[in-house]
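A short worksheet on the structure shown next.
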Amino acid sequence: MTNSVLKLPEEALKRLIEHYRNKEITTKNPHARFAAKLSDAMITVYTSGKVMFQGAGAERETAKWGAGDSTKEKTSAAKGDQLPPDFANRSVLGSDETGTGDFFGPITVAACYVPAQQIELAKELGVKDSKQLTDDYMRKIAPDLKAAFTHSVLTLDNEKYNQVQARGWSQGKIKALLHNQALKHVLRKMAPEKPEAILIDQFAERGIYYRHIAQESDIIRENVLFSTKAENLHVSVACASIIARVAFLEEMDRLSTVAGVSLPKGAGAIVDEAAAKILLSRGETFLKSITKAHFANTKKAQALAAKKKRT
1 MTNSVLKLPE EALKRLIEHY RNKEITTKNP HARFAAKLSD AMITVYTSGK VMFQGAGAER
61 ETAKWGAGDS TKEKTSAAKG DQLPPDFANR SVLGSDETGT GDFFGPITVA ACYVPAQQIE
121 LAKELGVKDS KQLTDDYMRK IAPDLKAAFT HSVLTLDNEK YNQVQARGWS QGKIKALLHN
181 QALKHVLRKM APEKPEAILI DQFAERGIYY RHIAQESDII RENVLFSTKA ENLHVSVACA
241 SIIARVAFLE EMDRLSTVAG VSLPKGAGAI VDEAAAKILL SRGETFLKSI TKAHFANTKK
301 AQALAAKKKR T
């Protein structure tokens, strides 16, 4: 299958987004500003201005927006460790994270163990690739998943995030430490039982991941595998992704209550506008307390707030 990719100007992007607004779905891709799912096509708008159309209806939808600047790219397969052919049917501990691309709110990481005999149960509870699920649907099924499967979920709040980031920690290091900790928690809960494998939704090469956590006293290495698109490779990662996402949403709910406004997700223009309003009403210290302060959105919000003051 090929993907159709268009590079569109901002005004065309806005028209496209409004056109597909009623088909919008949640995406955890930090580089995506909008995603929509049709019955036979997936549309993703990236912050770079590119739009990717995937699926059987990709060419039809691409044609609606002009193919003059389009290119064809092959669908990228999952990258990472080679998994056994029957991997999807094994007892696996999976981990995933969310919130890394959002200006407001925390980073959350979850790990979840799904034994082979309960894979069908996870599917019956509604688990599939979390990119295909709405936030409301994930909120609905997460309590059942947490009750059914051994799991751990960690939330790194904005204050702590900003502290360690100011010390020079990259997001890669932050995520690696959180994944390692979440996996440790689940392994302790399920002991003496052990998973046949551990699958981490890959965000760094194996060597880099382990360099990030080299100073930890307890490092999980046994039977650890890495792969991108891991939520499609084993239901345990899909469960972890849903649990992590709902933890992120719950913290966003709490922060919205504290801020007195509904905080938007992502890192696009709507986020800049919301941040500017909060900056004007609550000040810089408060804004920093609910955001990832090093994001470019901070300076954009400051510029917008300064402009509003002059008008």
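Going by the UniProt record's numbering, 94 is the number at position 94 of the sequence shown; the sequence numbering is gapless.
The beta carbon of each residue, even a glycine, is placed where N, CA and C say it ideally should be.
Keep in mind the model is a prediction, meaning the values are calculated, not measured.
(message) Rounding to the nearest angstrom, what Cα-Cα distance links residue 328 and Pro192 in this structure?
(response) The displayed coordinates of the chain run from 1 to 311. Any statement about residue 328 would go beyond what the structure contains.
(request) Give the DSSP bridge partners of Gly94, in chain order. (result) Cys112, Leu199
(request) In the DSSP assignment, find the unbroken beta strand (DSSP E) run with Ile43 in it and report its ends. (result) 42-46
(request) Taking 8 Å as the threshold, find out whether the stretch 134-144 comes into contact with the stretch 178-189 through three or more Cβ pairs. (result) no
(request) Could you check what DSSP says for Ile107 in three-state terms: helix, strand or coil? (result) Here Ile107 sits in strand by DSSP.
(message) Tell me the DSSP secondary structure of Leu304 in three-state form.
(response) Of the three classes helix, strand and coil, the one that applies to Leu304 here is helix, per DSSP.
(request) Round the Cβ separation of Leu225 and Leu83 to the nearest angstrom and send it over; I've been treating them as touching at under 8 Å. (result) Leu225 to Leu83, Cβ: 7 Å. Contact.
(request) Taking all protein chains shown into account, decide if Asp40 is buried (16 or more other Cβ within 10 angstroms of its Cβ) or exposed. (result) exposed
(request) Let me know if Ile220 comes out buried or exposed under the rule of 16 or more other beta-carbons within 10 Å of its beta-carbon. (result) buried
(request) Sort Ala110, Lys128, Lys194, Lys123 by Cα distance to Asn232 and report the nearest one. (result) The residue from Ala110, Lys128, Lys194, Lys123 with its alpha-carbon nearest to that of Asn232 is Lys128.
(message) Tell me the rounded alpha-carbon separation between Ile200 and Asp157.
(response) 22 Å
(request) Taking all protein chains shown into account, decide if Thr27 is buried (16 or more other Cβ within 10 angstroms of its Cβ) or exposed. (result) Thr27 counts as buried, since at least 16 other C-beta atoms from the protein chains shown sit within 10 angstroms of its C-beta.
(request) Assuming Glu24 contacts Ala36 (C-beta within less than 8 Å), just tell me the rounded distance between them. (result) With a beta-carbon spacing of about 5 Å, Glu24 and Ala36 fall inside the 8 Å limit used to define contacts.
(message) Please list the terminal residues of the continuous beta strand (DSSP E) segment that includes Gln54.
(response) 50-54
(request) Give the range of the alpha helix (DSSP H) segment to which Thr62 is assigned. (result) 58-63
(request) Using beta-carbon positions only, say whether Phe295 and Gly105 come within less than 8 Å of one another. (result) no
(message) Going by beta-carbon coordinates alone, are Tyr46 and Ala32 separated by less than 8 Å?
(response) yes
(request) Answer yes or no: the CB of Phe34 versus the heavy atoms of the ligand FMN, is any distance below 7 Å? (result) Of the ligands one can find in the structure shown there are none, so the ligand FMN has no counterpart to examine.
(message) Suppose you measure from the CA of residue 318 to the CA of Leu187; what does that come to, to the nearest Å?
(response) An answer regarding residue 318 cannot be provided, because it is not within the stretch 1 to 311 covered by the chain.
(message) So if DSSP puts Val153 in a beta bridge, which residue, or which two residues, is it bridged to?
(response) DSSP, once it has assigned bridges, lists Ala110 as partnering Val153.
(request) Put Glu231 into one of helix, strand or coil per three-state DSSP. (result) helix
(request) Just mark Thr61 as buried or exposed, buried being the case when its beta carbon has 16 or more other beta carbons within 10 Å. (result) First, the amino acid is wrong: residue 61 is Glu here, not Thr. Result: buried.
(request) Quickly, what does DSSP pair Gly80 with across the bridge? List them, please. (result) Ser227
(message) Quick check: the Cα distance between Thr98 and Gly266, rounded to an integer number of angstroms?
(response) 11 Å
(request) With DSSP as the reference, please indicate the residues paired to Ala36 in a beta bridge. (result) Glu24, Ile43
(request) Have a look at His151 and Phe34 and give me their C-alpha separation to the nearest angstrom. (result) 30 Å
(message) If you measure between the beta carbons of Pro30 and Thr100, is that distance less than 8 Å?
(response) Annotated as proximal: Pro30 and Thr100, with beta-carbon spacing under 8 Å.
(message) If I follow the unbroken alpha helix (DSSP H) through residue 312, where does it start and stop?
(response) No answer is possible for residue 312: the residues shown for the chain start at 1 and end at 311.
(request) Within the same chain, show all residues whose beta-carbon is closer than 7 Å to that of Lys184, passing over the 5 residues directly before and after it, in chain order. (result) Asp218, Ile220
(request) Let me know if Asn297 comes out buried or exposed under the rule of 16 or more other beta-carbons within 10 Å of its beta-carbon. (result) buried
(message) Quick check on Lys140: does DSSP put it in helix, strand or coil?
(response) helix
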